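The block underneath contains the structure these notes are about, expressed in structure tokens.
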Amino acid sequence: MLKIWSMKQQQQRDANAEGAAGTKKKKVTAAQLRVQKDLAELEGTLGKTMRTSFPDPNDILNFTLTIEPDEGMYKGGTFHFNFAINQNFPHDPPKVKCTQKIYHPNIDLEGNVCLNILREDWKPVLNLNAVIVGLQFLFLEPNASDPLNKEAAEDLRSNREGFKRNVRTSMGGGSVKGEHYERVIGR
Amino acid sequence: MVIMANGVEPSRKRWTYLDNFLNKPGPTTDPNWVPGEVTINGLETSKVLVIGAGGLGCEILKNLALSGFKDIHEADTIDVSNLNRQFLFREADVGKSKAECAAAFVEKRVKGVKITPYNGKIQDKDEDYYLQFQMIVCGLDSIEARRWINATLVGMVDMENPESLKPLIDGGTEGFKGQARVILPSMSSCIECQLDLHAPRAAVPLCTLATIPRQPAHCIEWAHIIAWEEHRKGEVLDTDDPEHITWLYQKASARAQEFNIPGVTYSMTQGVVKNIIPAIASTNAIIAASCCNEAFKIATGCNPWLNNYIQYSGDEGIFTYTFEMEQKEDCPVCGNLARNLTVDPNMTLQDFIDSLGDRAEAQLKKPTLRSEEKSLYSQFPASLREQTAPNLSKKLSELVVNGEEIAVSDPAFAISFKYKLIFSS
Ligand SMILES: [Zn+2]
Numbered sequence: 001m002l003k004i005w006s007m008k009q010q011q012q013r014d015a016n017a018e019g020a021a022g023t024k025k026k027k028v029t030a031a032q033l034r035v036q037k038d039l040a041e042l043e044g045t046l047g048k049t050m051r052t053s054f055p056d057p058n059d060i061l062n063f064t065l066t067i068e069p070d071e072g073m074y075k076g077g078t079f080h081f082n083f084a085i086n087q088n089f090p091h092d093p094p095k096v097k098c099t100q101k102i103y104h105p106n107i108d109l110e111g112n113v114c115l116n117i118l119r120e121d122w123k124p125v126l127n128l129n130a131v132i133v134g135l136q137f138l139f140l141e142p143n144a145s146d147p148l149n150k151e152a153a154e155d156l157r158s159n160r161e162g163f164k165r166n167v168r169t170s171m172g173g174g175s176v177k178g179e180h181y182e183r184v185i186g187r
Numbered sequence: 001m002v003i004m005a006n007g008v009e010p011s012r013k014r015w016t017y018l019d020n021f022l023n024k025p026g027p028t029t030d031p032n033w034v035p036g037e038v039t040i041n042g043l044e045t046s047k048v049l050v051i052g053a054g055g056l057g058c059e060i061l062k063n064l065a066l067s068g069f070k071d072i073h074e075a076d077t078i079d080v081s082n083l084n085r086q087f088l089f090r091e092a093d094v095g096k097s098k099a100e101c102a103a104a105f106v107e108k109r110v111k112g113v114k115i116t117p118y119n120g121k122i123q124d125k126d127e128d129y130y131l132q133f134q135m136i137v138c139g140l141d142s143i144e145a146r147r148w149i150n151a152t153l154v155g156m157v158d159m160e161n162p163e164s165l166k167p168l169i170d171g172g173t174e175g176f177k178g179q180a181r182v183i184l185p186s187m188s189s190c191i192e193c194q195l196d197l198h199a200p201r202a203a204v205p206l207c208t209l210a211t212i213p214r215q216p217a218h219c220i221e222w223a224h225i226i227a228w229e230e231h232r233k234g235e236v237l238d239t240d241d242p243e244h245i246t247w248l249y250q251k252a253s254a255r256a257q258e259f260n261i262p263g264v265t266y267s268m269t270q271g272v273v274k275n276i277i278p279a280i281a282s283t284n285a286i287i288a289a290s291c292c293n294e295a296f297k298i299a300t301g302c303n304p305w306l307n308n309y310i311q312y313s314g315d316e317g318i319f320t321y322t323f324e325m326e327q328k329e330d331c332p333v334c335g336n337l338a339r340n341l342t343v344d345p346n347m348t349l350q351d352f353i354d355s356l357g358d359r360a361e362a363q364l365k366k367p368t369l370r371s372e373e374k375s376l377y378s379q380f381p382a383s384l385r386e387q388t389a390p391n392l393s394k395k396l397s398e399l400v401v402n403g404e405e406i407a408v409s410d411p412a413f414a415i416s417f418k419y420k421l422i423f424s425s
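Same order as they appear, the protein sequences are chains A and B. Going by the UniProt record's numbering, the residue at position 78 of the first sequence is 78; the numbering climbs one at a time, nothing skipped. Going by the UniProt record's numbering, the residue at position 261 of the second sequence is 261; the numbering climbs one at a time, nothing skipped.
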């Protein structure tokens, strides 16, 4: 045991660094540090079509992302996603859910999102930026081959124009195939 | 003192073979090593903490006791589904804490060893608790718990106090594979440096679960992720609650029937939901043995210890590979230890941020600062900047307490700087 300490002292002398004192206070966690860094890197991504809001600014692990697509079939809508990040981030991916009931082939009525990097393809080297870009892309290019809302996916595959009309109806707060959707367009 | 005919004191007879290593140096022993009583005494008074009383933790506990350690502490909690692979438990033990059962069993079998169980979350203990041990041995299956103990031990290192550096020996197994590593907190590659080595659990795409399940596990995951949310929204799923597991099992069975998939069972439901990785007793034995060898060598100094990672794979014949993992310069835990910084508690946060720009190591352009509890000031996103801007005119004493650690990051640096703010009087 003494040997380890003499090794440590030598290493410290070599580095000529300042000492770090012990403390009983809580320390910033690795997950917080990583999220803080990821958030700082979003500057170029959010732009004018996306913004974040923090119900508790001290808790950066829980926030809402709002996407307002300025092109594509979902143009004009305002979509909210809840981000819940746990202390095991970035080993675990963030949990992301759409808080509105929307008509989208890759988002089910409960708000679950089918995005590969949120689940099967998540890696600790990925960051929040990748997830946010991925979500944005879902509105530009809804994908019929990864269906989470089967009816919507079938609709998109079989009749793209009809699907577009149904998207507009749902965004206005109307019903599609007997299911009522939440209004996501400003009045 | 009773001396037996062969001249061996009876109480040491059990340790005859161990004493071969402790009474005389071997070819790889450090030249400054002192054999005999001092070393044996050092081993017997070493207080060691074992975290995890699962399959691996139990093996570790037993091996440490049989390696001459006398003062062993351990922490964990019990669950019924684990009994089959944890040899220290009997059916009568279900419901008792795993730590207590394991302690009682080993104490009975190895006379003279004292095992102190602690039944609770390791996160509930503070640095004072961890400071009492000479080293920590982990046999955990949770990455989160490993990361927590790692960060705690790195954060404890204090140059003023040699006792603050606690070697961490970490073992892990998954089926036929496993690894053991020795971590000297702040000196060598830590668990956070090596986070990429832990393969994230294999996940099936959500749309497969939702539309075209092919395996029984897909139906269970569907019940777990989708059906629960749909029918029991707002209720927190407790994987230890039999009613919850039964509900998931029934949903999964119905879905499996719908898609003609045989094989969904209650125990499989429990396994999938709790992410129970099948454990192989012999893999646990091999990894535990390696961990305990390292603990023995570190405690006695009789031989050089592992530097610093051994990987074992038993699925195709046997393969082991020993290598040195390097410390990552930008490791968020050990890459930049907190520096002490004396500050005037009446200084505003804005003045403090300006002063960081002058510091040689930092020279920060757009710093974002936080403590564990508070976002002190965030440059980005804009909403967070607006929310934290009022802090800029506050005094440091209104935002942090004396001695609190803050982390400062800046887009210009890959790593965060940590400072422990000491208030000048
Ligand atoms: Zn590290």
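All C-beta atoms, glycine included, are put in the ideal place defined by N, C-alpha and C. Owing to the predicted nature of the structure, the values given are computational and were not obtained by experimental measurement.
Task: Within 9 Å of chain A by C-beta, residues of the region 261-280 of chain B in sequence order - done: Correct list: empty, as no residue qualifies.
What's the call for B:Gln257, buried or exposed, on a 16-neighbour Cβ count within 10 Å?
Position 257 of the second sequence, counted from the start, is the residue given in the question as residue 257 of chain B. B:Gln257 is exposed by the Cβ-count criterion.
Margin query: Distance check for B:His73 and A:Phe82, CA to CA, integer angstroms please.
Written below: If you number the first sequence from 1, residue 82 of chain A lands on position 82. If you number the second sequence from 1, residue 73 of chain B lands on position 73. Correcting the residue identity first, residue 82 of chain A is Asn in this sequence and not Phe. If you take the alpha carbons of A:Asn82 and B:His73, they lie about 42 Å apart.
Measuring from each Cβ to the nearest heavy atom of ligand 1, keep the ones under 5 Å and list them in chain order. A Cβ closer than 5 Å to some heavy atom of ligand 1 marks a residue here, and those residues are B:Cys190, B:Glu192, B:Cys193, B:Cys331, B:Val333, B:Cys334.
_Just to confirm before moving on: does the CB-CB distance between A:Tyr103 and A:Ser158 stay below 8 Å?_
Counted from its first residue, the first sequence places residue 103 of chain A at position 103. Counted from its first residue, the first sequence places residue 158 of chain A at position 158. No, the Cβ-Cβ distance between A:Tyr103 and A:Ser158 is not below 8 Å.
- In whole angstroms, what is the alpha-carbon distance linking A:Lys150 and A:Gly111? Within the first sequence, residue 150 of chain A is the residue found at index 150, counting from 1. Within the first sequence, residue 111 of chain A is the residue found at index 111, counting from 1. Looking at the two C-alpha atoms, the distance is approximately 14 Å.
- Query: With a CB to CB cut of under 8 Å and the five nearest residues on each side skipped, what residues in its chain are close to B:Lys114?
  - Reply: Taking the second sequence and counting its residues from 1, one reaches residue 114 of chain B at position 114. Around B:Lys114: Lys70, Asp71, Ile72, Glu107.
Which same chain residues end up closer than 8 Å to B:Asp225 when comparing Cβ atoms and leaving out the 5 residues on each side of it in sequence? Within the second sequence, the letter at position 225 stands for residue 225 of chain B. In the sequence as displayed, the identity of residue 225 of chain B is Ile instead of Asp. Here the set comprises Leu206, Leu209.
| task | Could you name the residues of the same chain whose beta carbon sits closer than 6 Å to that of residue 437 of chain B, not counting the 5 residues immediately before and after it, in chain order? | result | Because chain B in this structure spans residues 1 to 425, residue 437 of chain B falls outside the shown range and cannot be described.
Inset, instruction - Taking only beta-carbon positions, decide if B:Ile143 is within less than 8 Å of chain A. - result: Residue numbering aside, residue 143 of chain B sits at position 143 when the second sequence is read from its first letter. Between B:Ile143 and chain A, the shortest Cβ-Cβ separation is below 8 Å.
Reducing DSSP to helix, strand and coil, say where A:Phe89 ends up. By 1-based counting over the first sequence, the position of residue 89 of chain A is 89. Residue state, collapsed to three classes: coil.
Check: Along chain A, in chain order, which residues have C-beta atoms closer than 9 Å to that of B:Thr368?
Finding: The residue you call residue 368 of chain B lines up with position 368 of the second sequence. Those are Gln36, Lys37, Leu39, Ala40, listed as they occur along chain A.
Beta carbon proximity, A:Met7 to chain B, threshold 8 Å
For this step, residue 7 of chain A is matched to residue 7 along the first sequence. Nearest CB-CB separation between A:Met7 and chain B: below the 8 Å threshold.
message: With three or more C-beta pairs closer than 8 Å as the rule, is the region 405-422 of chain B touching the region 363-371 of chain B?
response: Segments in contact, yes.
* Taking DSSP as the reference, what is the three-state secondary structure of B:Leu369? -> The residue labelled residue 369 of chain B in the question sits at position 369 within the second sequence. Correct three-state label for B:Leu369: strand.
8 Å Cβ cutoff met for B:Ala299 and B:Leu43: On the second sequence, residue 299 of chain B is found 299 positions in, with the first residue counted as 1. On the second sequence, residue 43 of chain B is found 43 positions in, with the first residue counted as 1. Here B:Ala299 is near B:Leu43, since their CB atoms are less than 8 Å apart.
Worksheet entry | B:Gly234 beta carbon less than 8 Å from that of A:Lys27 | Numbered from 1 along the first sequence, position 27 holds the residue referred to as residue 27 of chain A. Numbered from 1 along the second sequence, position 234 holds the residue referred to as residue 234 of chain B. If you check the CB distance, A:Lys27 and B:Gly234 do not come in under 8 Å.
Taking B:Phe423 as part of the beta strand (DSSP E), name the residues at either end of that continuous run. Taking the second sequence and counting its residues from 1, the one referred to as residue 423 of chain B is at position 423. Residues 417-423.
| said: I'd like the span of the beta strand (DSSP E) that includes B:Pro117, first residue to last. | reply: Along the second sequence, read from residue 1 onward, the residue named residue 117 of chain B stands at position 117. Boundaries of the beta strand (DSSP E) harbouring B:Pro117: 114-118, taken from the DSSP string.
| Where B:Gln86 and B:Gly57 are concerned, what is the direct C-alpha to C-alpha distance, given to the nearest angstrom? | Along the second sequence, one-based indexing puts residue 86 of chain B at 86. Along the second sequence, one-based indexing puts residue 57 of chain B at 57. In this prediction, B:Gln86 scores a pLDDT of 49, lower than 50, which makes its location untrustworthy; the coordinate-derived value is nonetheless stated afterwards. Each residue's Cα considered, the two are about 9 Å apart.
| request: Using the Cα positions of B:Thr342 and B:Phe176, report the straight-line distance between them to the nearest angstrom. | output: Within the second sequence, numbered from 1, the residue matching residue 342 of chain B stands at position 342. Within the second sequence, numbered from 1, the residue matching residue 176 of chain B stands at position 176. Rounded to whole angstroms, B:Thr342 and B:Phe176 show a C-alpha spacing of 51 Å.
What whole-angstrom Cβ distance do B:Ala223 and B:Ala252 have, given they're in contact under 8 Å? As a working mapping, residue 223 of chain B is identified with position 223 in the second sequence. As a working mapping, residue 252 of chain B is identified with position 252 in the second sequence. Right, the Cβ-Cβ distance comes to about 4 Å (below 8 Å), so this counts as a contact.
- request: Verify the CB distance criterion: does B:Ser416 have a CB-CB separation below 8 Å to chain A?
  value: Within the second sequence, the letter at position 416 stands for residue 416 of chain B. Closer than 8 Å to some Cβ of chain A, the Cβ of B:Ser416 qualifies, so yes.
Legend entry - Every unbroken alpha helix (DSSP H) within the region 181-223 of chain B, with a cutoff of 4 residues, ordered by chain: If we require 4 residues or more, the alpha helix (DSSP H) runs fully inside the region 181-223 of chain B come out as 206-211, 216-222.
Under 8 Å, with one C-beta from each stretch per pair, do the region 321-335 of chain B and the region 179-195 of chain B reach the 3-pair mark?
Yes, they touch.
Would you mind sorting B:Arg201 into buried or exposed? The rule is 16 or more other CB atoms within 10 Å of its CB.
Here residue 201 of chain B refers to the residue found at position 201 when the second sequence is read from its first residue. Label assigned to B:Arg201: exposed.
Checklist entry - Along the region 32-56 of chain B, what residues have a CB closer than 9 Å to any CB found in chain A? => result Here the close residues are Asn32, Trp33, Gly42, Ser46.
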